[in-house]
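First up is the structure itself, then whatever we jot down about it.
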Amino acid sequence: MTDDSNAAPESTIETAIRENDPALITYITAGDPSLEDTKRYVEALDRGGADLIELGLPFSEPVAEGATIQAAINRALDAGTTPEGFFELVDDLETEAPLLVMTYYNMILQYGSEPDVRPFVERAAEAGLSGIIVPDLPAEEADPLREACDDHGLDLVFIVAPTTEGERLETIMSQVSGFAYVQARLGTTGARADVSTATHESLERLSEYDVPKAVGFGVSEGDHAAEIIEAGADGVIVGSALIDIVADSDDPEADLEAKAEELKRGAVRGAESLTVDAEDTPEPEQP
Amino acid sequence: MSTSDPEHNRERDSEATFGDYGGQYVPEALMPALQELEDAYERYVLENEDGFMDEFRERMRDFGGRPTPLQRADRLSERYDREIYLKREDLVHGGAHKLNNALGQVLLAKYMGKERIIAETGAGQHGTATAMAAAHLDMPCEIYMGRTDVNRQRPNVYRMRMNGAEVNPVEAGSGTLKEAINETFRDWATTVETTHYVIGSVVGPHPFPKLVRDFQAVIGREAREQIREKAGHLPDSVVACAGGGSNTMGTFHEFVSDEDVDLYAVEAGGSSLEIDAEEGLAPNSATLSTGTDGVLHGAMTKLLQSEEGQIMESHSVSAGLDYAGVGPELSYLAETGRVTPVSVDDEAALNGFHRLSRLEGIIPALESSHALGYLEESHDELGDLVVVNVSGRGDKDLETVLEETEKRDLEAAPDVEVFDG
Ligand SMILES: Cc1ncc(COP(=O)(O)O)c(C=O)c1O
């Protein structure tokens, strides 16, 4: 059932989530609109209370992305963002929150001179990244990357979708590294106005697994964060709502910091109402 | 640390891949649907459960017009001093081989209990075939098509709408096939529980490359029997154009184990085989000939990509060949030497188009014209008996051909300037 084989040294990412539970995980695309800007934005998110920061390394065919992040990726590619530029940005960053890279599999394969995942992972480790998320790499294809990540102490974070059930869920949960990325709804990334019922159902399905769970896809407000944490998540993941600020705000740094604060406050509120509930009801209904 | 047992993994790998190519590089949300499709593929297609394949064949006969003829091309045979036979897929309902796959998959979706069909299209040939099949089998259908393609392939947009399909223009990127595929995957990731994605070529994640190949394999199965009947023996070579490679694999599949039959996949050489790395542009679609290994649209295959892994914009005068990837099985067969990838440029394809129109009274699709262009350039290596797949008819291409012909001094072209007179 739960996985005890994670006797490996505790991961930076898992620690960051457990120690900051309820954790705020933020995503922005590196190079949108330039790598210099990204550096300042990441620092603003760090100040605002992000506990983990995902940085997108742009790929020309982002099939898992909705319109908002697609546009961010296009801006980053138009600005000439390269993998090497990305790693140099990470070299320069000194954040309290650990950093993860989110990118598509082909970008990882092509980093060296031959199609091979190792050069990318080595460089990621050297730059100080703590983990990798690959939206087009299901567990079935992940062995080479997982082995390379294990060798370099990086987490390879897997996504659990609303359609992930039965044996596949077991397999993925037994391989969780860092945290389980719980996809809140079917479809692509993008800010939404509500928290889907799929979120509640997924968290219910995962409640028996003792691994950190963070929910993403559609989270945009502090109230969503509160609701998701209340539903049993250990963290919330926010991307498109932050990209909107990057794209539209007159003062992205200030607004990103404020948005991170709002989201973190929401998450904490959700956690508090859980403890209050627990105190109010001496015999909580735990499944 | 991994719980998966290696024996099981190897078994799965050999099913999902062709050598190092293929696989299932898709978002997690789609994996259960691919497994469901694998299961349906095995039961209905491979094992003919519930008489699926019987119904498919019957519908391809009555609705689709199969079998198509294998015709001796008298004047081409004379011109090249060898026996040239044409497999006439241009005579399939809709005017291209595309219906073989579209009808197969829409029917399969029905057997699987799916309620809705989606598909991408580039030139509009796969979209029109899917729209026809969906109308024929009474399934709601939505087609994604890049904005550029919508604008340059109007007649096909109207045909799809006539058949009741919704056409959704895709504004992203260069507005061509690659973007249309991205957007169809996004729809599918949202609607996967009720919807089947009818992918248009032997590309995408397993099991699509095998599924599409098996629906298209009727081309080679018929051709192999027909040539033995007409010529008394197997051909020395078989020639087909290759974009994603569905007419190619469909024609080749039955011949792959006939080791004395040479297989030529003719790619679009565009205006040049050189790439513009700075701009991320390949002025061709010669993926097998010039591409490098990588992952696109769910499969490990040959790609036109930058050193950093960004996918390039491809080009061909023929919209149906204009794609930066190619089916993983073709990558494998090219890598192992079983298939010989070659290319002809826009100009040779246009000449091939005009030549077949004038000499044989058949107006071929610009895609198929690449295979015909190759005959002119390299017939000597093809042997005495040659089968060429005419994957589609060229009615859809007349405007492009007039435009492109006016720009050039083509040896085989009529004087198109007087056409409007
Ligand atoms: C007539 C015709 N031939 C060939 C192709 C190329 O596709 P494939 O390489 O999958 O056969 C197309 C695609 O639109 C087509 O319409």
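Just so you know, the protein sequences line up as chains U and Z, in that order. 1 is the number of the first residue of the first sequence in full-length UniProt numbering; add one for each residue after it. 1 is the number of the first residue of the second sequence in full-length UniProt numbering; add one for each residue after it. Here a beta-carbon is modelled for each residue, glycine too, at the ideal position from N, C-alpha and C.
- Residue environment for U/V276: exposed (fewer than 16 other C-beta atoms within 10 angstroms of its C-beta).
- Under the 10 Å beta carbon count, U/A254 is surrounded by fewer than 16 other beta carbons and is classified as exposed.
- Look at U/M102: its C-beta is not under 9 Å from any C-beta on chain Z.
- Under DSSP, the beta-bridge partners assigned to Z/P364 are Z/R393.
- Inside the stretch 103 to 190 of chain Z, DSSP marks whole alpha helix (DSSP H) runs of 4 or more residues at positions 125 to 136, 147 to 152, 154 to 162, from first to last along the chain.
- Taken through DSSP and simplified to helix, strand or coil, Z/Y85 comes out as strand.
- Taking each of Z/H233, Z/T251, Z/F185 in turn and checking the Cα distance to Z/N100, the smallest one comes out for Z/T251.
- The stretch 89 to 106 of chain U and the stretch 295 to 312 of chain Z touch, with three or more beta-carbon pairs separated by less than 8 Å.
- For U/E201, there are no neighbours in chain Z by C-beta distance under 8 Å, as the nearest C-beta there is about 13 Å away.
- In this structure the stretch 83 to 98 of chain Z does not lie against the stretch 24 to 38 of chain Z, because fewer than three pairs of beta carbons, one per stretch, are closer than 8 Å.
- Judged by DSSP secondary structure, Z/S237 falls within the beta strand (DSSP E) whose first and last residues are 237 to 241.
- Put simply, the backbone Cα of U/Y181 is about 14 Å away from that of U/E201.
- Checking the 8 Å criterion, the Cβ of Z/V202 is within range of a heavy atom belonging to ligand 1.
- Here the stretch 131 to 139 of chain Z makes no contact with the stretch 207 to 220 of chain Z; the two share fewer than three CB pairs at distances below 8 Å.
- Ranking U/D78, U/L77, U/A127, U/R265 by CA distance to the CA of U/V90 puts U/A127 first.
- By alpha-carbon distance to Z/R224, the top candidate from Z/Y111, Z/E179, Z/L86, Z/V416 is Z/L86.
- Contact annotation for Z/M31 against chain U: P138, A139, E140, A161, T163, T164, R168 [CB-CB distance below 9 Å, chain order].
- Residue environment analysis places Z/E367 among the buried positions, since at least 16 neighbouring C-beta atoms fall within 10 angstroms of its C-beta.
- Below the 8 Å Cβ cutoff, chain Z contributes R186, A189, T190 as neighbours of U/T188, in chain order.
- Ranked by Cα distance from U/D143, the first of U/R123, U/E167, U/T171 is U/T171.
- In this structure, Z/P140 is the residue among Z/T130, Z/A119, Z/K98, Z/P140 with its C-alpha nearest to the C-alpha of Z/G113.
- Z/T292 belongs to the set of residues whose beta carbon lies under 9 Å from a beta carbon in chain U.
- Collapsing the DSSP output to three states places U/M102 in a strand.
- Counting the other Cβ atoms within 10 Å of the Cβ of Z/K302 gives 16 or more, which makes it buried.
- The shortest CA-to-CA distance from U/I69 to any of U/H224, U/S240, U/G187 is the one to U/S240.
- The beta carbon of U/S60 falls within 9 Å of a beta carbon belonging to chain Z, placing the residue at that interface.
- Among the residues facing chain Z, U/E221 is not included, as its CB has no counterpart in that chain under 9 Å away.
- Per the Cβ contact rule, the stretch 159 to 166 of chain Z is not in contact with the stretch 180 to 198 of chain Z (fewer than 3 Cβ pairs under 8 Å).
- Flagged as an interface residue toward chain Z: U/V63, by a C-beta distance shorter than 9 Å.
- With respect to the C-alpha of Z/A119, the residue from Z/G421, Z/M145, Z/E267 having the closest C-alpha is Z/M145.
- Not one beta carbon of chain Z lies nearer than 9 Å to the beta carbon of U/T15.
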